[in-house]
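Residues 0 to 160 (numbering that gives the first Met the number 0) make up the sequence shown, in order. Here the structure is laid out as structure tokens; the discussion comes afterwards.
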Amino acid sequence: MGLVPFLKIFCSMRRELPGRMPKAMVPLRLYLGILLLFSNCLVLFYDSPRLKPLFHYEIEVNSPDGKNTFRLELEKEEMDLLELLEEASLKESPSLRFMTTKQSVEVIRVNEWNNTWKEAWFLYLHEERLTGEEIKKGKKIENGSTLSLRYEKVDRLSPKR
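And the structure:
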């Protein structure tokens, strides 16, 4: 029995009663009020964001400005590196822009530093340099992992004349 039919029946019963409500109806009304209050408290308690576990990921940025560490708190325990880059980009922690193609992912900008012909951003996971192909394939990272973004010199191929 849903709430609406119950309320219709309850209101029709109340209209038919002259004057005060009988004593038998008072406890029923009191119990219904307590039940409604208790159910609302349960919904608020179980839907509370404090109870959802948060998992921590660190992003360490080594730029010409210096070294900064950013901490992301997310609800996913295990995710791939591309998802972590997306979350960091959305939260602007750090301000991060990357480009993804069918085969690869490349970080283009972190904070104020863009890729150039001489320097570019590289990703390291546990001091191991990652390629754009590894990131695109879905390299998994775990809770507590530290991702390093380093602005390093790069050798780009120049066309021969």
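Here a beta-carbon is modelled for each residue, glycine too, at the ideal position from N, C-alpha and C. These numbers were taken from a predicted model, which means no experiment stands behind them.
Where the alpha helix (DSSP H) through residue i begins and ends
i: Glu132; result: Gly131 to Lys136
Proximity test, Cβ basis, 8 Å: residue i and chain C
i: Thr145; result: Note that chain C does not occur in the displayed structure, where there is just one protein chain.
Bridge-paired residues (DSSP) for residue i
i: His55; result: Glu72
i: Leu122; result: Leu129 and Leu148
i: Ser38; result: Note: Ser38 sits in no beta bridge, so no partner.
i: Ile33; result: Answer is none; Ile33 lacks a bridge partner.
Which of helix, strand or coil DSSP assigns to residue i
i: Ser103; result: coil
i: Ser92; result: coil
i: Arg155; result: coil
Residues near residue i in its chain [Cβ-Cβ closer than 6 Å; skip 5 each side]
i: Asn213; result: Nothing about residue 213 can be reported from this structure: the residues present for the chain run from 0 to 160 only.
First and last residue of the uninterrupted beta strand (DSSP E) at residue i
i: Ser147; result: Thr145 to Lys152
7 Å CB neighbourhood of residue i in its chain, flanking five on each side removed
i: Lys152; result: Lys117 and Glu118
Own chain partners of residue i with C-beta closer than 8 Å, once the 5 adjacent residues on each side are dropped
i: Ser71; result: According to the sequence provided, residue 71 is Leu. The question's Ser does not apply to it. Around Leu71: His55, Tyr56, Glu57, Ile58, Leu83, Glu86, Ala87, Lys90 and Ser92.
message: Check whether the region 138-145 and the region 87-96 touch, using three or more Cβ-Cβ pairs below 8 Å as the test.
response: No, because fewer than three Cβ pairs between the region 138-145 and the region 87-96 fall closer than 8 Å, the two stretches do not touch.
field: Sufficient close CB pairs (3 or more, under 8 Å) joining the region 77-86 to the region 134-141
entry: yes
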